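Protein chains: 2
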Amino acid sequence: MERKKAFKEFMTRKGLKSTQQREIILDEFLRSSSHLSTEDLYLRLRKRHPGIGYATVYRTLKLFAESGIAEERHFGDGQTRYESVSGQEHHDHLICTACGAILEFENPEIERLQDKVAKEHGFRIKSHRLDLYGLCGKCQ
Amino acid sequence: MERKKAFKEFMTRKGLKSTQQREIILDEFLRSSSHLSTEDLYLRLRKRHPGIGYATVYRTLKLFAESGIAEERHFGDGQTRYESVSGQEHHDHLICTACGAILEFENPEIERLQDKVAKEHGFRIKSHRLDLYGLCGKCQ
DNA sequence: TGGTAAATTGATTTTCGATTTCAGAAAGGG
DNA sequence: CCCTTTCTGAAATCGAAAATCAATTTACCA
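Quick mapping for you: the protein sequence lines, in order, are chains B and E. Note that the working numbering has the first sequence beginning at 1, numbered continuously upward. Note that the working numbering has the second sequence beginning at 1001, numbered continuously upward.
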């Protein structure tokens, strides 16, 4: 799996150590659905690995984000969520405010317009966030 | 000022009371620049009205948001900011990650594309957020 | 206009997620 | 295998948001 390799490379480059916990957390993270909070992942892990503490999960997710294999997300609820990132393709989110469902979408045309807007204002964009909030088909 | 009227109407409709503090907070809020945090507004008010407590500012800003004359905003720093809303025109934000400057922009075409995306996924959009993060002209 | 019920206020406390601390444990280079 | 550095887990701390509560203020109406 290329994300595991990318993470390992990052760790080496930074002089950080490979530990059993980090291996386990990475595996569980990659296996799980996206948009998990630290709490979510911690609870999942606890089933098979009760020894792993919350702080370690928290720090390891931060590392994932730093290494580029994950991204932090903030949707309205006060929780930080992590999403695994594969390659370069960017996507945005549709969030159902009733059931909490999160859908991903891509729209290159919107991206292009964003760049145009930024240019018009003299900005150099490093990242962006586009979240659409509403009701999904089921919840309407 | 129409926003004051709109707020008064909201208060009446909800059976809430008009108080001296709420008047003062509303005046200061409308007079101030946008994107203020609760803390910001509280500190401003304290100069002339030391008696007004933080909790009252906090609750009153919530009321503004509920009434529709203000909107809550969350940009990367862990603070809730409030922006006064006039009429219907919507806008999005460019945020400089170096100096914290916040620029507003409007782009109807992006809005249109968002609606299209939502429709394609069976969503009914209630709100959205588009934040572009990067470096402003000065900070590059 | 005075009485009263309901809402509001300000200080404080509580909550909650995020982050830090620290002593003991593990990694990994020599 | 040793030694230095990094890591771990439990617990403490932090900061903003939210809730609490007794005292106060408001709105309404007799």
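Idealized CB from N, CA, C, for every residue including glycine. For clarity, every value in this text was computed on a predicted model and none was experimentally measured.
Report yes or no: is there a C-beta of chain E within less than 7 Å of the C-beta of residue i?
i, result
"B/K126", "yes"
"B/F123", "yes"
"B/C99", "no"
"B/A118", "yes"
"B/F75", "no"
"B/R129", "yes"
"B/L94", "yes"
"B/Y58", "no"
"B/G78", "no"
"B/Y82", "no"
"B/L135", "yes"
"B/L132", "yes"
Use the C-beta contact count for residue i: other C-beta atoms within 10 angstroms, 16 or more gives buried, fewer gives exposed.
i, result
"E/C1099", "exposed"
"E/E1083", "buried"
"B/T148", "Any answer about residue 148 of chain B is impossible in this case: the structure gives chain B only from 1 up to 140."
"B/R31", "exposed"
"E/R1003", "buried"
Using C-beta distances below 6 Å, list every residue in its chain close to residue i, excluding the 5 sequence neighbours before and after it, in chain order.
i, result
"B/L45", "E28, I52"
"B/R22", "T60"
"E/Q1079", "S1037"
"E/T1097", "Y1133"
"E/K1047", "none"
"E/E1111", "none"
Of the choices the options, whose alpha-carbon is the least far from that of residue i?
i, options, result
"B/I25", "B/A55, B/E9, B/K14", "B/A55"
"E/A1101", "E/L1041, E/K1008, E/C1139, E/E1109", "E/C1139"
"B/L16", "B/E109, B/N107, B/L63, B/I95", "B/L63"
"B/V117", "E/S1034, E/D1040, E/D1077, E/E1109", "E/E1109"
"E/L957", "B/T19, B/R124, B/A6, B/H93", "Residue coverage of chain E in this structure runs from 1001 to 1140, which leaves residue 957 of chain E outside it and unanswerable."
"B/A132", "B/E120, B/G76, B/R112, B/K119", "First, the amino acid is wrong: residue 132 of chain B is Leu here, not Ala. Of B/E120, B/G76, B/R112, B/K119, the residue nearest in Cα terms is B/G76."
"E/A1006", "E/S1034, E/A1065, E/G1078", "E/A1065"
"B/I95", "E/R1013, E/K1014, E/T1097, E/R1124", "E/R1124"
Excluding the 5 residues preceding and the 5 following residue i in the sequence, name in chain order all residues of the same chain whose CB lies nearer than 7 Å to its CB.
i, result
"B/V85", "G68, I69, A70, E71"
"B/H128", "Q114"
"B/S34", "E83, S84"
Excluding the 5 residues flanking residue i on each side, which residues of the same chain have their C-beta closer than 8 Å to its C-beta?
i, result
"B/K126", "none"
"B/H91", "E104, F105, E106"
"B/S18", "K8, M11"
"E/E1120", "none"
"E/E1089", "E1106"
"E/L1041", "I1025, E1028, F1029, S1032, V1057, L1061, Y1082"
"E/M1001", "L1030"
Assuming residue i and residue j form a contact by the criterion Cβ under 8 Å, report the distance between their Cβ atoms to the nearest whole angstrom.
i, j, result
"B/G122", "E/G1137", "4 Å"
"B/R81", "B/L36", "6 Å"
"E/H1074", "B/H49", "Going by Cβ atoms, the distance from E/H1074 to B/H49 rounds to 33 Å, so no, they are not a contact pair."
If we define contact as Cβ-Cβ less than 7 Å, is residue i a contact residue for chain B?
i, result
"E/E1111", "no"
"E/F999", "There is simply no residue 999 of chain E to check, as chain E begins at 1001 and stops at 1140 in what is shown."
"E/Q1114", "yes"
"E/Q1140", "yes"
"E/L1061", "no"
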